[in-house]
Each structure stands twice: as C-alpha cells, then as structure tokens.
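Below: one structure, written as structure tokens.
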Amino acid sequence: MSNHEGHRESVASADARRGVRLDERYHVQNHLLSTRGSEANYAIQREGTESVTLWRMRFSLGGDAVARFLRRMQTLAGMNLPTPKIRDFGIDDTGRPFVITDFFEGKPIFSGAVSAEEAQRRFLEAVRVLALLHSEDIALGDVGEQSFVITGNGRVLVQGMLGAFDSEAGGGTTMMPAPQTLAYLAPEQRSGGGAIPASDIFALGLIGYQLFTKRSLTKDPGPILYPDEAVALAPAPSTFHPSVPQWLDGVLAKCLSAHPEARYGDATLLLQAIEEAMRTGRSPDGVGRWAQRTLMVRPDTRAVLQSQAAAAASAVMSRGGAPAIRSMETFEESMAGEGVSRSARLFAYCSAGLLLGLVAVGIWILLAS
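Okay, so the sequence shown: first residue is 255 according to this note's numbering, each after it adds one.
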C-alpha cells in the first residue's frame, strides 16, 4: 500500500469514528463513576449482549480538539498499559468523545486496611503507569481518586483516560464534575491553562497523601486554592505512623508545590527520585516544610525527645517548683506546634515525668542525708 493510500485509509478511519450513534450499538445502563472530565456507565452491547464500560466526556469538542482526542486514543490503544482493554473510541452524535472498554469493577485504590508497605506498593504502581503515559507525551489532566482501581489479585489499573480538554469544551455540557474530583485540579489548570505532566504529578501527590494517611489533605471537596498553605497546615505524612517510608514527606511536598516548575516534571522523574531514595535510604533534599517537620516522629529520634525532656526538667530545677506546670505547658505547646504525633508526645511526656521523678527522689535523698 502506498503512503497516499495509507493516508486516505487513516482519514476514512477517523471519519468513521465521528457522529457515532451509541444508542444503536449499546443499551446504556446505570452510572458507575466519574472523573473530573468524564463519566462512566455500565452498558450492554445490542449485538452479543456483552457487558462493557462506556466512558464519555461531559461536554462536546470541536475542531482541532477532536483530532487530538482521536490521535491520543489511537496511541493509547496501541500501548501495553495496565488498563481494561480499549474496544472502541470516537465522537458520538452529540459531539462528545467516548471510549468503550471491557467491563471491570475494581476496588478504589484507597480500599481495604492498607499498611504502609502496601500503600507504597500501590503508589509506586500508579506512578509507573503515569510514567508510561508521560513517556508518550500524554498527560491525563483529570487524575483523581477514581483514576486507579485495584484488581482481585492486587494489580493497580488506570481507567478513564479520555483526558482533560476543559479550555476547548464546546456546548452541550451534561453535568458538572463531581465535587470530590475538583480537589485534584492543579493550580495552573484552575487558572485556565492546559494539562501538562506536572498537573498529573500534583494529583498524584494528593492521592499519595490520602493513601498513606487515610485522610484528605483538606476538609473541603473543592479545588485547593493555596496548595503551599494547605501543605504547611496539614500534618506531615510521617507523623501518622513510624512505618511510613522515609522518602514520603519530601516527595509529596514537592509533588504538591503550587508552581508546576517546582514539582517533578513528569512521572518518570518522580519514579527516579523515589527509587533513588529507597536505594540510598536518604530523603530528597530541599522539598518544603514537611521535610523540616519530621525531626521527632521517627523511632530513631527518641534521643532528641529525651534531650528536650531533660531540658524541661532542668528548667524546673533552676526556677523552683512553681514554674513546673508552666514549663510542661510550654513543652507541650512547642511539640504540638511541630506537628508531632500522639505516640511521640506520649513518649516525651513519660520521659519528662520520669526525669522529674528522679530529680525529686535525688533531692529527697540529699535532704534526708
């Protein structure tokens, strides 16, 4: 076949993917889930009665955006990605992009009693999936909690890869995005910019925080207006459990930087940073306030806690009995301000109490003699 014939065939194939009447091919059933830019429904083929998942953007596209979407899906269909098999894709008769995949009902990536070790495994698998996409210059742009699911044997699959075309949305919007998906919107996207790999990195940072801590970075479901402030106010991930990996605070703080140029440029760079930290046992350098607030949350920092308790006891001795209560209050306030975990505080209180008791016994012995 000549190049000219091949070009005619590709154009004809692209034309055949436009104006598709989905109701003639599928019985669309119940709604399954939503990402920020698209929604998924359970559907049954009219011929063959096979179950499939129908993904559709919540708005129509036109012009160059349609061509870019079709090229994007052609690339994805040819990649060996951990995702439900892509059966078909195109533009329906309302102008909305769609993707048909094998039906798959997995569990959310946050589901189950997730240990720190299992959270690390899941997070790394999600990072590796995005690294494959970013290596093909594909940014998802609407990564969120529904983007990754767990199979029965524990594999992490990515789904809903239609992409983010917010700035090119046409008419016919059918629904607003689910509120819980808006928190994953990167600041540059909120300002009207297009999706870039660093936008996916921001969303991965939020997923990683919730995966390891079992809580959202913010209480509100909407967009995070001031990421640097949210990071500064939220407890560091390592304060939740001593088994949280050493690299986490620094890596997630960098992922969640307000400015895209301050984040990892893509998931490949993020993966390299994590693997290097795991290999060397050292956390990445210069990555925000969380890295500065982990001094007293590790088992190997008990000596630091003991020295602070000793300093508090020394202050009590030098000032007499009356300031003792105030000294302990100051010690408690300083530790709370550092974001120290409850278990670390309890250890410090016990250490301080023991030291005060020993001091009292020593004074009593001196007086008695």
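All C-beta atoms in this analysis are idealised placements derived from N, C-alpha and C, irrespective of residue type, glycine included. What you are looking at is a predicted structure, and each value in this text was computed from that prediction instead of being measured.
Cβ-based burial, residue i [other Cβ within 10 Å; buried from 16]
i, result
"alanine 270", "exposed"
"threonine 329", "exposed"
"alanine 557", "Note that alanine 557 scores a pLDDT of 45, beneath 50, so its modelled location is shaky and nothing firm can be said."
"aspartate 277", "exposed"
"glutamine 283", "exposed"
"proline 351", "buried"
"glycine 273", "exposed"
"arginine 237", "The structure shown does not extend to residue 237, since the chain spans only 255 to 623, so no value can be given for it."
"glycine 366", "exposed"
"arginine 300", "exposed"
"lysine 508", "buried"
"threonine 493", "buried"
"aspartate 503", "buried"
"glycine 459", "buried"
"serine 314", "buried"
"tyrosine 480", "exposed"
"aspartate 347", "exposed"
Closest residue to residue i among the options (Cα-Cα distance)
i, options, result
"aspartate 520", "Ser470, Leu387, Gly349, Asp503", "Leu387"
"glutamate 624", "Arg536, Met327, Phe419", "Residue 624 lies beyond the range of the chain shown here (255 to 623); nothing can be said about it."
"proline 336", "Ala294, Met311, Val383, Arg325", "Val383"
"valine 498", "Ser369, Ala484, Gly344", "Ser369"
"alanine 319", "Asp342, Asp347, Tyr280, Gly417", "Gly417"
"phenylalanine 419", "Glu515, Phe466, Gly448", "Gly448"
"alanine 402", "Pro451, Tyr518, Thr289, Thr534", "First, the residue type needs correcting, since residue 402 is phenylalanine and not alanine in the sequence shown. Among Pro451, Tyr518, Thr289, Thr534, the Cα nearest to that of phenylalanine 402 belongs to Thr289."
"serine 292", "Pro481, Leu436, Met333", "Leu436"
"glycine 195", "Lys361, Tyr438, Ala393, Leu439", "For the chain, the structure presents residues 255 to 623; residue 195 sits outside this window and is missing."
"alanine 385", "Ile363, Arg341, Ile450", "Ile450"
"arginine 322", "Phe343, Phe364, His281", "Phe343"
"serine 453", "Ala393, Gly535, His285", "Ala393"
"alanine 531", "Gln500, Ile461, Ile345, Ile478", "Gln500"
"aspartate 482", "Leu510, Phe466, Ile345", "Leu510"
Reduced DSSP secondary structure (H/G/I, E/B, other) of residue i
i, result
"valine 410", "strand"
"valine 353", "strand"
"arginine 533", "helix"
"methionine 311", "strand"
"glutamate 515", "helix"
"proline 362", "strand"
"leucine 510", "coil"
"tyrosine 463", "helix"
"serine 497", "coil"
"aspartate 347", "coil"
"serine 389", "helix"
"methionine 589", "With a pLDDT of 43 at methionine 589, under the threshold of 50, the modelled position of this residue cannot be trusted; read the value that follows with caution. Methionine 589: helix per DSSP, three-state reduction."
"threonine 555", "Because threonine 555 carries a pLDDT of 40, less than 50, the predicted location of this residue cannot be relied on, and the following value inherits that uncertainty. Three-state result, threonine 555: helix."
"aspartate 482", "helix"
"valine 403", "strand"
CB contact below 8 Å: residue i versus chain C
i, result
"glycine 462", "This model lacks chain C altogether, as it is built from one protein chain only."
key: contact_flag[the region 370–386, the region 347–358] where n(CB pairs < 8 Å) is 3 or more   = Counting Cβ pairs under 8 Å, fewer than three are found: no touch.
query = If you pair each beta-carbon of the region 434–443 with each one of the region 361–376, do three or more pairs fall below 8 Å?
reply = no
query = Are at least three pairs of beta-carbons, each pair with one atom in the region 391–399 and one in the region 523–539, less than 8 Å apart?
reply = Contact annotation: the region 391–399 does not touch the region 523–539, with fewer than three C-beta pairs closer than 8 Å.
Touch test, the region 465–472 against the region 406–417, Cβ-Cβ under 8 Å, three pairs minimum = no
ask   = Which runs of the beta strand (DSSP E) fall wholly inside the region 269–309 and span at least 3 residues, in chain order?
value = 280–288, 292–299
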